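Enquirer: Submitted below is the structure of interest, expressed as structure tokens.
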Amino acid sequence: MPVITLSIDDELVSGRADESLLQVIREHGITLPTLCHMEGLSERGGCRLCIVEVEGAARPLPACTTPAREGMVVRTDTERLRRYRRMIVELMLAERNHYCAVCVSIGNCELQRVAAALGVDHVRYEYLSPRLSMDLSHDRFGIDHNRCILCTRCVRVCDEVEGVHTWDISGRGVRSRIIADLNHPWGTSDSCTSCGKCVQVCPTGALFTKGVVVGEMVKDPGMLLRVLEGREKKEWAG
Amino acid sequence: MNRKRGGKVRLATVWLGGCSGCHMSFLDLDERLIELAGQAELVFSPFIDTKEFPAGVDVALVEGAVNNRANLAMAETIRARSRSVVSLGDCAVTGNVTSMRNILPVAATLAPFGGTGEAPFRFDYAAVPELLPRALPLHQVIAVDGFVPGCPPDPDRIWTAIGCLLRGEPVQLPEEMRSFG
């Protein structure tokens, strides 16, 4: 794959022509916040936290879905980007009911970590306080829509890695909800293999193992790459 | 900071719609309270027997969401009489547990207690402050100068924030002290 050269934060860096801006940026040690991105899954560009400024582009672009190109001039950390990223996280916190103090994932939550890193110490928007449900119909797992940020990691891991596509999204905008099969209780799903990959990749307390209490839901972010690497090496073949 | 009365900061701590956990965490400052007492005079607090929020307060640390009409009136008084108002803990900062009722109308919240029925079960709002339609973070009601998130914020967070305030600086917490919950 040809090597390309581009400028990131006034520094000339090189990357491969098939890489995304996010990959090149991270390879050069620059930290960009992400929530919907996960190594091993397709990119969605949904959370918009990895936005960067690219010279010639009228608006900020998500680095995860923008291909790196020869000669690009990219800025990753301007005042405008920092302001937008903070707004994004505040809007996420305002949209559903993230009562961190009583969440199974407190202390192990990517949304919580990103918010702290971006300097979000309060939310300037009105909380929508929607009345949302939990689905505890599955034997081993539960989904709490109050904590969901619609990153769709669960949808993608189920489709792309487990190959089942139990999860999908219904509705539009703030009415979007993660659904199992054709909006059936998770526990009655014919397609779910109960593999638990969706639970492990979920960045918040939305998907959890039954029986955990506040702060106990520790996820294993390395699980996905271990599964993919094992498959590559045919560790479980035969 | 313009210090009064022997160079001490006039400090108030207030308990609105919260569980007092933030105040318990404040007490967990332990021996640092002695150091604080050397620099600040506690002029209003649930810890001391004062009825009226005084004038000329330098720093007010406010715990709890604005949940009822008494909280609302107190919040406005605090703002009018304080130089610097700081939200202490998640209920003041986000609404937190106090605001978990916000998904329901007030009548539905009170229904299990018979408050909407006939006397003697009807609420006497002259004695019990009427609930607001929603429990609100403090900054949605009055202007707030600083935020100390946490449920409760641990004593180190509170001490860091107090350090900023005693120096007359805005509250700035490092990343690891900024998380909710």
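Chains A and B, in that order, give the protein sequences.
In this text, residue positions in the first sequence follow this note's numbering: the first is 4, and each later residue adds one.
In this text, residue positions in the second sequence follow this note's numbering: the first is 154, and each later residue adds one.
Don't be surprised by glycine CBs; every beta carbon is placed ideally from N, CA and C.
Since this is a predicted model, take the numbers as computed values, not measurements.
1) Mapping the DSSP letters down to three states, classify Glu46 of chain A as helix, strand or coil.
2) Starting from Glu216 of chain B and walking both ways along the beta strand (DSSP E), at which residues does that stretch end?
3) If you drop the 5 nearest sequence neighbours on each side, which residues of the same chain put their C-beta closer than 6 Å to that of His40 of chain A?
4) Pro133 of chain A bridges to which residues according to DSSP?
5) Leaving aside the five residues before and after Cys198 of chain A along the sequence, list all residues of the same chain whose C-beta is less than 7 Å from its C-beta, in chain order.
6) Distance check for Asp298 of chain B and Ile172 of chain A, CA to CA, integer angstroms please.
7) Per DSSP, what are the beta-bridge partners of Val301 of chain B in this structure?
8) Does any CB atom of chain B fall closer than 8 Å to the CB of Ala209 of chain A?
9) Which residue's Cα is closest to the Cα of Cys53 of chain A: A:Pro63, A:Ser45, A:Gly59, A:Leu44?
10) Of all the CB atoms in chain A, is at least one closer than 8 Å to the CB of Leu214 of chain B?
11) How is Val221 of chain A classed by DSSP in three states: helix, strand or coil?
12) Would you list the one or two residues that DSSP bridges to Thr212 of chain A?
13) For Asn221 of chain B, does the three-state DSSP call read helix, strand or coil?
14) I want to see whether chain B comes within less than 8 Å of Val126 of chain A, judged by CB atoms only; does it?
15) By a C-beta neighbour count over all protein chains shown, 10 Å radius and 16 as the cutoff for buried, is Gln115 of chain A buried or exposed?
16) Would you mind reading off the limits of the beta strand (DSSP E) that contains Trp168 of chain B?
17) Select from B:Arg310, B:Leu319, B:Ile315 the residue whose C-alpha is nearest the C-alpha of Gly334 of chain B.
18) With DSSP as the reference, label Gly174 of chain A as helix, strand or coil.
19) Going by the beta-carbon positions, is the gap between Arg59 of chain A and Leu231 of chain A smaller than 8 Å?
20) Mind checking who Val55 of chain A pairs with in its DSSP beta bridge?
21) With distances taken between CB atoms, is the gap from Val221 of chain A to Thr196 of chain A smaller than 8 Å?
22) According to DSSP, is Arg78 of chain A helix, strand or coil?
23) May I ask you to list the residues that DSSP assigns as paired with Ile109 of chain A?
24) For Ser45 of chain A, which residues from the same chain have a beta carbon less than 8 Å from its beta carbon, with the 5 sequence-adjacent residues on both sides left out?
25) I'd like to know if Gly316 of chain B contacts chain A, where contact means its C-beta is closer than 8 Å to some C-beta of that chain.
Expert: The answer reads as follows:
1) coil
2) 210-216
3) Cys67
4) Answer is none; Pro133 of chain A lacks a bridge partner.
5) Glu165
6) 40 Å
7) B:Leu241
8) no
9) A:Pro63
10) no
11) coil
12) A:Phe144
13) strand
14) yes
15) buried
16) 162-168
17) B:Arg310
18) coil
19) Arg is not the amino acid found at residue 59 of chain A; the sequence shown has Gly there. Not a contact, by the Cβ cut-off of 8 Å.
20) A:Leu64
21) no
22) strand
23) The partner list for Ile109 of chain A (beta bridge, DSSP) is empty, contrary to what the question assumes.
24) Arg159, Glu163
25) no
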